[in-house]
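**Student:**
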Amino acid sequence: YDLRSDSASSNRDIFIFDTVQRQEALLVEHLATDYGPIWAPAGDRVVFFSDRSGGASLYSLEVEAGRAADGPKLVGHDMHRRIPMGFTDDGSLYCHLTARWSHIFEAATDVAQATKQASPTKMPLDFDGFNTSPSWSPDGKSLAFISFRGPLPATSRDSGVRPDAGVLVVRSLDTGQEKELAQHLSAMSHTAGHSGTPPLRWAPNSQSIMVHAIGLEGESGLYSVDVNSNQVAPIVLENQTVGRIRLADWS
645 YDLRSDSASS
655 NRDIFIFDTV
665 QRQEALLVEH
675 LATDYGPIWA
685 PAGDRVVFFS
695 DRSGGASLYS
705 LEVEAGRAAD
715 GPKLVGHDMH
725 RRIPMGFTDD
735 GSLYCHLTAR
745 WSHIFEAATD
755 VAQATKQASP
765 TKMPLDFDGF
775 NTSPSWSPDG
785 KSLAFISFRG
795 PLPATSRDSG
805 VRPDAGVLVV
815 RSLDTGQEKE
825 LAQHLSAMSH
835 TAGHSGTPPL
845 RWAPNSQSIM
855 VHAIGLEGES
865 GLYSVDVNSN
875 QVAPIVLENQ
885 TVGRIRLADW
895 S
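In the numbering used here, the protein residues as written are 645 to 895.
Right, here's the structure in full:
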């Protein structure tokens, strides 16, 4: 199974559990996100997905006596949005593929005339696949968005996907540098109205972003994320309100 490597990180590692000795051990540790482990029929190796190569890829790891016998070996590229289903007797791995993509585009417009001056172009983001909820900072210097690495965000039609896969990213329009923020928040709302929750909202001073998410203590609500210090502070938690927060905005 995969778990977060620590409470302050959105990355995940692969663990193994001995059901006889009732002991857990770390099987795969890496700075990247490793997820979706499944045993090969012979029980001598585990295959799993990882974004350590810059995109979701499939790796195979030989296992002996509950420990990694060697380093993971790359066996497949471009494995975005695939969820392992199982092996056949001949060793073929079948995966469920959710063929959905979400890209962020930009285009010059004439606001006064409400016309488009050029065809939209896809933004060259660090991670390709499912990037959504773009929001310009009021000062026009940064773009915030949610980037899903690996499985897609959970929806009513998708099962078996991680709700904590979304990463809050801020991209500098001057340098193109991207910064990941609020790594310990999970289940971030990734589109307006999704599950009745609000999307990203920049503060008027362009120094913080309001996001609907779940914190370390499992408290769902609105959080403020400082884009410079990466400090996260709760604004309003839903256990303090009568019901679910739907739409919210800064004054």
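By construction, the Cβ of each residue, glycine as well, lies at the ideal position given by its N, Cα and C atoms. This structure is a prediction, so every number in the text was calculated from the model and none was measured.
1. Helix, strand or coil, according to DSSP, for Asn883 in the structure here?
2. So who's on the other strand from Gly730, going by DSSP bridges?
3. Are there 16 or more other CB atoms within 10 angstroms of the CB of Gly840, so buried, or fewer, so exposed?
4. Buried or exposed: Thr677, going by 16 or more other Cβ atoms within 10 Å of its Cβ?
5. Could you tell me which of Val664, Lys766 and Leu670 sits nearest to Leu705, measuring between CA atoms?
6. Please name the residue in Gly720, Gly710, Asp650 and Ser777 whose C-alpha comes closest to that of Tyr703.
7. Cα-Cα, which of Lys785, Gln827 and Lys823 is closest to Leu817?
8. DSSP on Met832, reduced to helix/strand/coil?
9. Mapping DSSP to helix, strand and coil, what is Met767?
10. Tell whether a beta-carbon distance below 8 angstroms holds between Arg815 and Ala892.
11. So, is Val691 buried or exposed, given that buried needs 16 or more other C-beta atoms within 10 angstroms?
12. Which residue comes first and which comes last in the beta strand (DSSP E) that contains Val707?
13. To the nearest angstrom, how far is the alpha carbon of Gly859 from that of Gln827?
**Tutor:** Checking against the coordinates, here is how it stands:
1. Reduced to three states, the DSSP call for Asn883 is helix.
2. Per DSSP, Tyr738.
3. Caution is warranted here: a pLDDT of 43 is assigned to Gly840, below 50, making its placement in the model unreliable, and no coordinate value can be reported.
4. When all chains shown are included, Thr677 counts as buried.
5. Of the listed residues, the one whose Cα sits closest to Leu705 is Leu670.
6. Answer by Cα proximity: Gly720.
7. Considering only alpha carbons, the answer is Lys785.
8. When secondary structure is reduced to three states using DSSP, Met832 falls in the coil class, being assigned neither helix nor strand.
9. Secondary structure of Met767 (DSSP, three-state): coil.
10. Cβ distance not < 8 angstroms, so Arg815 and Ala892 don't count as in contact.
11. Of the residues assessed, Val691 falls on the buried side of the cut-off, its CB having 16 or more other CB atoms within 10 angstroms.
12. Segment Ser701 to Glu708, the beta strand (DSSP E) holding Val707.
13. Cα to Cα, Gly859 sits roughly 10 angstroms from Gln827.
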